[in-house]
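Chemist: Numbering of the sequence shown is given in our numbering, commencing with residue 3 and proceeding in unit increments.
What follows is a structure written as structure tokens; I'll ask about it next.
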Amino acid sequence: MIALKKIVLSLLIGFVVNVAYAASDSSAGLARLSNMVQSFSALSYQGIFVRSQGVEMNSMRILHDVIDGSEYERLVDLDGDKIEVIRVDDSVICVYPDISFANTADPVTAPLRQFKELNGERLLEGYTFELSDTTEVIAGRHTHKLSLVPKDNYRFGHDFWLDSENDFLLKHDTLNLQGDVIDRVQFTDISFTPNLTKTDFVPRLGTYSRHIVDVKPKMTDNKWRFDWLPDGFAPVWRDARVLNEKTAMLLLSDGITSISVFVEPTDIETAYSVMEMGSTTVGEVSRALQTDILRLTIVGEVPEKTVEKMLMSFLPRTAL
């Protein structure tokens, strides 16, 4: 009996210690992620990063600084047509080689900005945090790895390599359910003393520039709901965004990953179909809901099983 009590006591102590370590990693991990997000806007930096999705790779140069109280950022596509995006606070300019590219070129986006709206409370519902004690060198800088390990099979995992001095994100891997890398963003060169001036954030001579006007989106009542969502996922907007006279958009997030849902009327029912591109899954189905047939499209960096289950869980709010 005494031996049994010792075993039980030992197990309880081990459990408490593990819970304490997990809580410590979560608290420290959230603090590091918060610092990471702040570093995107507060630091001066210039560097080159590569993004890979499957067999596709793309390299970009980024310049960032705060000058006279305003935030300046320049993103240059180093492959293909060298399209640029220049941002001064909330004013955005797209720069093309000439006007012929303006209506056909794909937009250039900064992958760092996808983490600007991190939600720690939701993250704790869906992920376990693991902080590594060892350092790794990325782009000549010492880093520590922070892992977000999914608590279920309805989301992907994330590995962040954060600069040991300022928590800037130097490498980010998105991992599928088998632990394989399906999306990677990694700096190959970075400087935090770039000595930039306002002249570094003006379009090159001979290019065509177009201001991006940020129009306030039109919203409408959200008439739909899900009778199932993965833990931590919740609507980002209370209402639905109106994209055109027929299509509405809902947005959900688990604190790091966003899922967009597009709803539009159609005349015929179609079977479920899916397409996967790196970490992005696009699923579509047309379903008869009450008196309407709706085409539902979901786009998100989540596994295919999540997209399918959400599409089949979509209901009008009036449904019981």
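Glycine included, C-beta positions come from ideal geometry on N, C-alpha and C.
My output table needs one value for residue 24: the three-state DSSP class, helix, strand or coil.
Modeler: Confidence at residue 24 is low in this model, with a pLDDT of 47, below 50, so the placement of that residue is unreliable and no value is reported for it.
Chemist: Helix, strand or coil: how does DSSP classify residue 281 here?
Modeler: Residue 281 falls in the coil class under three-state DSSP.
Chemist: Applying the 10 Å Cβ sphere with the 16-neighbour rule, what's the burial state of residue 242?
Modeler: Buried, since its Cβ has 16 or more Cβ neighbours within 10 Å.
Chemist: Helix, strand or coil, according to DSSP, for residue 9 in the structure here?
Modeler: Confidence at residue 9 is low in this model, with a pLDDT of 47, below 50, so the placement of that residue is unreliable and no value is reported for it.
Chemist: Kindly indicate which three-state DSSP category residue 341 falls into: helix, strand or coil?
Modeler: Given a span of 3 to 322 for the chain in the structure shown, any question on residue 341 remains unanswerable.
Chemist: In whole angstroms, what is the alpha-carbon distance linking residue 291 and residue 148?
Modeler: Rounded to the nearest angstrom, the two C-alpha atoms are 43 Å apart.
Chemist: Between which two residues does the beta strand (DSSP E) harbouring residue 87 extend?
Modeler: Per DSSP, residue 87 belongs to the beta strand (DSSP E) from 86-90.
Chemist: Quick check: residue 230 and residue 315, are their CB atoms within less than 8 Å of each other?
Modeler: Contact flag set, yes.
Chemist: Going by DSSP, what residue range makes up the alpha helix (DSSP H) through residue 306?
Modeler: Where residue 306 is concerned, the enclosing alpha helix (DSSP H) stretches over 306-314.
Chemist: In this structure, what does DSSP give as the bridge partners for residue 32?
Modeler: According to DSSP, residue 32 bridges with nothing at all.
Chemist: Determine the direct distance from the alpha carbon of residue 308 to that of residue 221, and round the result to whole angstroms.
Modeler: Their backbone Cα atoms lie some 26 Å apart in a straight line.
Chemist: Would you mind working out which of 153, 218, 94 sits nearest residue 328, comparing C-alpha positions?
Modeler: With the chain covering 3 to 322 only, the question about residue 328 has no answer from this structure.
Chemist: Assign residue 303 to buried or exposed, taking buried as 16 or more other Cβ atoms, counted over all protein chains shown, within 10 Å of its Cβ.
Modeler: So residue 303 ends up on the buried side.
Chemist: If you measure between the beta carbons of residue 300 and residue 313, is that distance less than 8 Å?
Modeler: Cβ distance < 8 Å, so residue 300 and residue 313 count as in contact.
Chemist: Residue 128 and residue 232 look like a contact to me (Cβ under 8 Å); what is the Cβ gap, rounded to whole Å?
Modeler: Going by Cβ atoms, the distance from residue 128 to residue 232 rounds to 7 Å, so yes, they are a contact pair.
Chemist: Got a sec, what are the start and stop residues for the beta strand (DSSP E) residue 294 sits in?
Modeler: Per DSSP, residue 294 belongs to the beta strand (DSSP E) from 294-302.
Chemist: Output yes or no for whether 8 Å exceeds the beta carbon distance between residue 257 and residue 124.
Modeler: Going by C-beta atoms, residue 257 is nearer than 8 Å to residue 124.
Chemist: Tell me the rounded alpha-carbon separation between residue 216 and residue 89.
Modeler: Near 12 Å, if we compare the C-alpha coordinates of residue 89 and residue 216.
Chemist: Would residue 376 pass as a contact of residue 196 if the rule is Cβ separation under 8 Å?
Modeler: Outside the modelled stretch of the chain, which goes from 3 to 322, sits residue 376, for which no answer is possible.
Chemist: Among 201, 247, 92, 122, which one has its Cα closest to the Cα of residue 36?
Modeler: Answer by Cα proximity: 122.
Chemist: Report the partner residues of residue 222 according to the DSSP bridge assignment.
Modeler: DSSP, once it has assigned bridges, lists 242 as partnering residue 222.
Chemist: Rounding to the nearest angstrom, what Cα-Cα distance links residue 38 and residue 175 in this structure?
Modeler: The alpha-carbon atoms of residue 38 and residue 175 are separated by roughly 15 Å.
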